[in-house]
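Numbering (the numbering used here), first residue to last: 10 to 351.
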């Protein structure tokens, strides 16, 4: 990390309400957790009284089965963002450039800048057509946050091949891919995949995730990662969660059905322009309504939505998570109530 760059860096705004009484649509987190999670967490307490197994073999085995790769290629991390940092800091240095989608997750650019490197922003729907030559890395988020679309698998694999030919590493953030039935790119040569247990399994406070890589990059990541970077409770709960195939299938069905219903309601009842999505959230263009006034009015009624104007290139948008049917009904009721105010 470049000390001079750190002094010029700023924090990135995120969604997420810390008030348990707020119905939170600002964070894209499953409101449900896998069955048995609490029991596994409590059972892991005794293991937390000693240093965890630094290899996390059960976690790595579950992660490998979950994404379809060899367990030896899995590098555990304390959350997806820690994985993004590890991948970037071991590949990118001062003066390098990195292709980054826009709008997209703001932490990519921040982590690149912290290394003294430069993010080169490309429209999110044009990134796979970009030329990776001359860049140290290219970042793809699939499905992309906040726009919601998943990368076409054939186009993504073809882009990965062009990155390999150009000696530009491809970092693929699959934080939301578990909500789809698309295959992971984990294990592909020249690609580092980052996964998180935050979104699909509803465990943002657990801080568990992993990277998948191969060859020299795998060795670099394994060497550079911090010792004991995944605590015993996180490793135990993570391994349990990733084995819950029926929970994943049920979540996908619910999110797909509620996403269709919520998008239709936001479009037809409120006249919003809502982008199609493969993710557990919707990007909503509120038109000439004032975004600050809308988010404040919704918040006053106990509901949080994400002000998406903090994303590069967006100036009239909010992002809303897809939650349970009852929660989604409440959001629609609140929006109907505030329509006259904004």
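A virtual CB, placed ideally from N, CA and C, is assigned to each residue, including glycine.
This one's a predicted model, so the numbers in the text were calculated from it and none came from an experiment.
query, result
"How should residue 10 be labelled, buried or exposed, when 16 other C-beta atoms within 10 angstroms of its C-beta is the threshold for buried?", "exposed"
"In the DSSP assignment, find the beta strand (DSSP E) that holds residue 86 and state where it starts and stops.", "83-86"
"Counting pairs of beta carbons, one from the stretch 156-172 and one from the stretch 275-290, are three or more of them closer than 8 Å?", "yes"
"Throw me the rounded Cβ distance for the residue 213 and residue 172 pair, which I believe falls under 8 Å.", "Residue 213 to residue 172, Cβ: 30 Å. No contact."
"Quick one: any contact between the stretch 239-254 and the stretch 84-92, if contact means 3 or more CB pairs under 8 Å?", "yes"
"Residue 15 to residue 121, Cα distance in whole Å?", "11 Å"
"Just list the alpha helix (DSSP H) runs in the stretch 228-268, keeping only unbroken ones of 4 residues or longer that don't cross its boundaries, in chain order.", "241-251"
"Report yes or no: do the stretch 25-40 and the stretch 308-317 share at least 3 C-beta pairs separated by less than 8 Å?", "yes"
"Nearest-angstrom Cα distance between residue 130 and residue 17?", "19 Å"
"For residue 69, which of 273, 248, 196 has the nearest alpha-carbon?", "248"
"Apply the 10 Å Cβ neighbour rule to residue 117 and answer buried if 16 or more other Cβ atoms are within range, or exposed otherwise.", "buried"
"List the residues that DSSP assigns as beta-bridge partners of residue 219.", "85, 204"
"Less than 9 Å between the beta carbons of residue 246 and residue 220, yes or no?", "no"
"Among 300, 324, 276, which one has its Cα closest to the Cα of residue 341?", "276"
"Residue 9 lies in the beta strand (DSSP E); which residues open and close that run?", "Lying outside 10 to 351, the shown extent of the chain, residue 9 is not represented and no answer is given."
"Is it true that the stretch 53-67 meets the stretch 223-239, where meeting means three or more beta-carbon pairs spaced less than 8 Å apart?", "yes"
"Taking the runs of the beta strand (DSSP E) that are 3 residues or longer, which of them lie wholly in the stretch 289-342?", "290-294, 326-330"
"How many whole angstroms separate the CB atoms of residue 322 and residue 112, which I take to be in contact at a CB cut-off of 8 Å?", "5 Å"
"Kindly indicate which residue of 223, 110, 67 has the alpha-carbon position closest to the one of residue 252.", "67"
"Could you tell me which of 137, 152, 39, 148 sits nearest to residue 93, measuring between CA atoms?", "148"
"Could you tell me the alpha carbon to alpha carbon distance between residue 168 and residue 205, rounded to whole angstroms?", "23 Å"
"Check for me: the beta strand (DSSP E) holding residue 4 runs from which residue to which?", "Only positions 10 to 351 of the chain appear in this structure, which leaves residue 4 out of reach."
"For residue 106, which residues does DSSP report across the bridge?", "127"
"Decide if residue 143 is buried, meaning its Cβ has at least 16 other Cβ atoms within 10 Å, or exposed.", "exposed"
"Tell me the start and end of each unbroken alpha helix (DSSP H) in the stretch 15-61 that is at least 4 residues and wholly inside, in chain order.", "46-52"
"Apart from the five residues just before and just after residue 334, which ones in its own chain have a Cβ nearer than 7 Å to its Cβ?", "267"
"Can you tell me whether residue 256 is buried or exposed? The criterion is at least 16 other CB atoms within 10 Å of its CB, across all chains shown.", "buried"
"Is any non-hydrogen atom of the ligand SAM found closer than 8 Å to the C-beta of residue 216, if you look at the structure I gave you?", "For the ligand SAM, the structure offers nothing, since it holds no ligand at all."
"Residue 132: buried (16+ other C-beta within 10 angstroms of its C-beta) or exposed?", "exposed"
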